[in-house]
Structure formats: C-alpha cells, structure tokens
C-alpha cells in the first residue's frame with residue numbers, strides 16, 4: 001500500500017494499491033438449510049386424512065401385553081393441536097418434552113470459514129408420551145397422526161412400545177386400575193352409553 005501526504009500533512013493511502021477491506025471473521029458465517037428432495041434421492045409421499053384415520057396398528061408381536069407406550073415426535077407448533085385433540089377424546093394422561101433430532105427433514109448446518117459444524121444439524125421437535133391400554137393404542141395413534149399432519153417432510157413419527165405394568169405411586173395400585181383415569185376415555189364412553 002502506498003502512503004501519500006497531502007499539503008496539510010494528513011496521511012492518505014493510494015486507492016489503486018489498497019487490498020480488499022478487512023472483514024470480521026463472523027461475516028463468513030452462514031447457515032445452510034439441508035432439505036430432502038427428489039433430487040437427492042428421497043421420495044416424497046403424502047398420506048391423506050382418510051389413510052391416517054383408518055390406519056391399523058399391528059400389536060401381534062406382543063399378544064399378552066395389556067399396556068403400550070405411544071411415543072410421538074411432532075413439530076413443536078403442532079403440539080397444542082395434538083394435546084387438544086387427545087384431551088377432547090378423553091386422553092388426559094400424557095407427558096411432553098422438547099427434543100432435538102434429525103431425520104429425513106434434514107436440519108440446519110452452521111458454516112464458518114468454509115467448515116460445516118454438525119452440532120447444529122438437529123431440528124427442534126416435541127415429544128409426546130401416552131401410556132394406554134391395548135384397546136386404545138390404535139385410536140390414540142390415529143388421533144396423533146391426524147392432528148400432527150401437515151403433509152410435509154418433518155411431520156414426525158409414532159413409536160409404540162410394550163409396557164410390562166403400570167403403577168400409581170400415590171395408591172400403589174397396579175395394572176388396569178392404575179392406568180384408568182377418572183373422567184378419561186373409558187368414563188366418557190360409559191356416560192355416552194348411559195344416555
């Protein structure tokens with residue numbers, strides 16, 4: 001860089017020889033969205049509401065199991081819809097938590113100075129856990145699937161696990177008595193049958 005002094009003695013640089021302006025290292029930081037698409041080999045299939053509302057759950061691998069845990073990973077902004085729909089159907093006992101994960105949807109990757117960091121590759125999701133009797137598994141799965149559905153990649157998944165037993169800590173009740181909640185689905189059905 002050539003330094004010149006003007007008549008008043010001030011230092012002036014020659015613009016023709018000036019190098020590229022100095023940039024803060026954080027200026028090269030970018031967030032890249034990783035998406036599943038037809039181009040990268042992922043096929044995109046969309047279910048219809050009719051398919052979701054009539055889906056079957058195969059529990060034949062556990063013929064003697066009375067209780068099942070239905071775990072669903074859904075979009076966080078769909079959680080209120082799912083919880084509301086479950087509650088209006090008489091499912092009151094559930095646990096939710098914020099989780100992060102990555103699947104077909106992909107995620108965000110932070111790139112700094114040409115290097116990708118995979119620790120931000122996880123997408124925020126909500127997890128719902130409901131333990132129900134064998135007879136309620138299919139209905140609960142249908143409700144969750146239909147209320148979490150948007151038709152886009154990233155709607156989530158439902159996992160169904162066998163539960164050996166249920167114990168209510170306050171009363172030490174076990175089995176069906178412990179799983180039953182007053183005002184729950186079974187009570188709602190009974191009150192409708194009485195009318």
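Residue numbers (full-length UniProt numbering): 1 to 195. Where is the CB? At the ideal position from N, CA and C, for every residue including glycine.
| Item | Value |
| --- | --- |
| Proximity to residue 64 [Cα-Cα], best of 134, 179, 52, 48 | 134 |
| Alpha-carbon to alpha-carbon, residue 129 and residue 94 | 6 Å |
| Residue 96 versus 82, 102, 103, residue with shortest Cα-Cα distance | 82 |
| Exposed unless 16 or more other CB atoms sit within 10 angstroms - verdict on residue 177 | exposed |
| Check whether residue 76 and residue 126 have beta carbons under 7 Å apart | yes |
| Cβ neighbour criterion (16 or more within 10 Å) applied to residue 100 | exposed |
| Alpha-carbon to alpha-carbon, residue 121 and residue 31 | Unreliable placement is indicated for residue 31, whose pLDDT of 48 sits below 50; the coordinate value is still reported in the next sentence. Rounded to the nearest angstrom, the two C-alpha atoms are 10 Å apart. |
| Nearest-angstrom beta carbon gap, residue 85 and residue 147 [assumed within contact, 8 Å] | 4 Å |
| Beta-bridge pairing of residue 161 - partner residues as DSSP gives them | 69 |
| Where residue 47 sits in the DSSP three-state scheme | coil |
| Residue of 153, 181, 194 minimising C-alpha distance to residue 90 | 181 |
| Proximity below 7 Å, CB of residue 68 to CB of residue 144 | no |
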